[in-house]
Structures are given as structure tokens and as C-alpha cells.
Amino acid sequence: MTRIAVSATALVDYSPERWRLIQVDSASTPELVVEAKSGAPFRYNGAFAVSRDLPDAGEILEADLGQVVLGWSQESASWQLGITLSPEISLARSSRWFELLRFTHPDASVFEPRATQLGSALAQTLGIPFAADSLAPAPPPEPEPVPLPPLPLDLGMWRMEEGADAEGGSGESRLLRERRWLRAKQRQFLWYALLIAAYLWVSIATLNNDLALPNAGTLIPNPAWLPWLGIGVAVALVLLNLRVARLILGEPDRVVVNRFEKSVAAMRGSRQRWKVSAGNIQSVYVSEQVKKRGRRPTVMHGEINLHMLDGSFRPLLVERDKLVDCLLPGVDHEADKLRPTGVNPLEAADANTALQAAGAHIAASLGDLPVWYDRRLK
């Protein structure tokens, strides 16, 4: 996947099968503005439809697309990249084409190679012609992609490793939760059960016997309420224990990413809890809350989420334990401190922790989806 920054607030990522325009803002969630896929309608969001006077349906069929055009506008002193439309749509909006991107610079030659590269890639994805006023020389070959850190990866309470698919090949990568999580939850369940029994035994024994209750030194107005307060605490502990039991029995302990099917499935034992395909996913989100001060790099909280096309987030992994010395081998701690906070694109070469590397692995397996890194300081 190739990613090109169009401006301070917009970038394009593309591959032979997909072309996306994304609006970025480090203070908020990136928003998918335009998406083109091979063999699928050209899709866009509501704000883009209004600004370009396009059909409200949010998509244009392949048959209604003419060609991708690139031209220099003397009036605005910019390169303009757009798409022509069928006569039916053009008649309704009184214009034969709509603008996708605009590249502004006093020197007309500065953005021409970049605009040509994006226009050619879009035309290839849509399977329509590309026309340009002035074609720049072919861009230099793209650098070799940076290899991802090898698996397995230690993610704290989770680990990521290669897994064999149904045919025995390495077509899967898996997030596996460590057994110590289950043991900790089981101990918590037993401890709550012991407290419940103790509170109920003391409270019921007090109600059934003529014991002298303390009449001073308590924080409640009437000491006779103490047994009932104990029963109330026991009921609250029962509710907490039910929640622990639900986590033990229902929380996924394995997330399988299939690079051939381009899908993600959450499993609990042999049961599948949910499954989504890459076609319904916008991007992969890696979130870390980093300790601001300290000699040792520390992540206080980490998450990997899938950003779905409908704008919702589906969690894959939540790491609540503090991870000390979390940087990958060879990463400079002082340089990592200078990384900007907020939401920013994450390239494979910029993955400094195992959690970031895991997010990059997942995105690559799902068809080179964009990866966003949400960095917060504590």
C-alpha cells in the first residue's frame, strides 16, 4: 500500500484494488471521505456529496463514471484531479465532472508528479481511462517496503504468533491471551465467593441472635441496619461475581486474522464469537497511554481496535497491565519521546512497540489497511 499526504488535513492511500481519500486531524478520528474499489461503486460520505453536488445515495455506479482527468487551472493556480460523469448525472448537476483533489503551489511542476501518480492509480482501480493535460516523467520506483518485526510478539497479557490455516499453511496470524488471565479471574471469582459467604453468614447470624449491636463509633444512624447493610454488600458482590463469570465464560481468548480470506474472527475455545471481513473495515487503530516521565519507556494502557466503515470500533485487544521497557530492540527511547501525541498515521518503519507492530501485522494481513496510532500521555 502506498500512502501520500495531499495536504496537512488529507492523505490518500492506494493499492491496485483500492484507493481512499482520508481526512486527518490529530485531535479527532480520521474520516474516510472517498473510497474506490475494483469492481465496486465509487463511494463517498455525506459532506463530500454536498460539496460536489453529487447524488445523495453516497455512491456512483461504474457505468456512470467516464474518466479520471487531471488539469492545470490558471484561475486557481493549482492542479485539479477529478472524474467525469455520465450525461444523466451531468445533466442533473449542470456539470460534466467533479473535483476530487486540488494541489496548490506557486510552481506548477511541484505537484504534477504526485497528482499524476494519484490520478493514474485511481483510474487503474476504477478500470477507466486517465487523461492529463501534461504528463510528468514516470515517478522514481518506490522504495522497498520495510519488513515488519518478526512474530511472535509479546504483548503483555496477549501474544501474537503465526498460525497454520486449515490447509496447514501459514495463512493466519493469531492473538492469543495468556493463561494467567484466566487464572487471575478464577482467583477473583473464588475470593468474591468467600466474601459473599462471610457477609451472609455474619449478617444472618446477627439477625437470628440477640446480639448487642454497637451503639457508638459507627457511621450509620441506626446500628440495627448493620446486618441489612452486610446483606446489601453480599448482593453487590454477587453481581460483581456474575460479571466475572461472564468474562470467564464469554470473553474471546483467541483472535484469528486470515490473510487469504481477509477476515478477522474472535474465538472462545472452539466457538466463534464474531467475524468481520476486511471489506467492512476502514483501518486498524493502535492506542497507547504512555508514561510521560521516567527513564524506562512504559505503556500504562494499550488497545488494538478495528475502525469499521459505519464509524464504530470493534476491540481486538485491551491491555490494562503496565508494560515497562516496552520498546522493540534497537528503538531509541529519547527519539520515541518526541513522537507527537494525538492520532497520526503509523507506518511499518515507525512501529516502536510490540503493540504497534501487531497492529501493522493485522493491517497487512487484511490487505494493507491504513494503521493509525493514537498516542496519549499520562
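Here this note's numbering is used: the first residue of the sequence shown is 420, the next is one more, and so on. We put the CB at the ideal spot given by N, CA and C, even for glycine.
Measuring only between beta-carbons, confirm whether residue i sits less than 8 angstroms from chain E.
i	result
Arg602	Judged by its chain identifiers, the structure shown contains no chain E, having just a single protein chain.
May I have the straight-line CA-CA distance separating residue i from residue j, to the nearest angstrom?
i	j	result
Glu494	Thr523	11 angstroms
Trp498	Ala424	15 angstroms
Val488	Ser513	18 angstroms
Leu785	Val762	21 angstroms
Val683	Leu736	12 angstroms
Leu659	Gln607	10 angstroms
Leu378	Leu747	Beyond the ends of the chain as shown, which are 420 and 797, falls residue 378; an answer cannot be given.
Ala557	Glu531	Note that Ala557 has pLDDT 48, beneath the 50 cutoff, so the model's placement of it is unreliable and the number below is only indicative. Rounded to whole angstroms, Ala557 to Glu531 spans 11 angstroms at the Cα level.
Arg596	Gly749	26 angstroms
Tyr611	Val695	36 angstroms
Leu757	Arg794	11 angstroms
Pro734	Ala459	28 angstroms
Pro571	Asp475	46 angstroms
Gly590	Ala782	14 angstroms
Ala655	Met719	29 angstroms
Arg599	Cys745	19 angstroms
Gly669	Arg687	7 angstroms
Asp755	Asn771	8 angstroms
Gly801	Ala768	An answer regarding residue 801 cannot be provided, because it is not within the stretch 420 to 797 covered by the chain.
Gly721	Leu742	9 angstroms
Ala466	Leu788	23 angstroms
Ile623	Val657	16 angstroms
Tyr618	Ser689	38 angstroms
Ser447	Asn627	60 angstroms
Do residue i and residue j have their C-beta atoms within less than 8 angstroms of each other?
i	j	result
Leu500	Gly538	yes
Ile615	Ala664	no
Val705	Gly651	no
Arg673	Leu594	yes
Ala776	Pro568	yes
Leu774	Lys711	no
Val443	Thr428	yes
Leu504	Lys604	no
Leu519	Leu430	no
Tyr463	Ala540	no
Ala455	Thr535	no
Could you check what DSSP says for residue i in three-state terms: helix, strand or coil?
i	result
Glu494	coil
Arg521	strand
Thr625	helix
Lys799	The chain is shown from 420 up to 797; residue 799 falls before or after that span and cannot be answered.
Ile508	helix
Pro646	helix
Asn771	coil
Pro764	strand
Glu478	strand
Glu531	helix
Pro556	For Pro556, the predicted model reports a pLDDT of 46, less than 50, meaning its position is unreliable; a value from the coordinates is still stated below. If DSSP states are grouped into helix, strand and coil, Pro556 belongs with coil.
Asn660	helix
Asp755	helix
Val699	Strictly speaking, residue 699 in this sequence is Asn, with Val absent from that position. Asn699 falls in the helix class under three-state DSSP.
Ala424	strand
Val652	helix
Handout entry: Touch test, the segment 668-682 against the segment 643-650, Cβ-Cβ under 8 angstroms, three pairs minimum
Key = no
Exercise for the section: Please confirm if the segment 690-700 is in contact with the segment 713-729, defined as three or more CB-CB distances below 8 angstroms between the two stretches. Expected result: yes
Handout entry: Segments of 3+ residues assigned as beta strand (DSSP E) that fall wholly inside the segment 710-736
Key = 717-727
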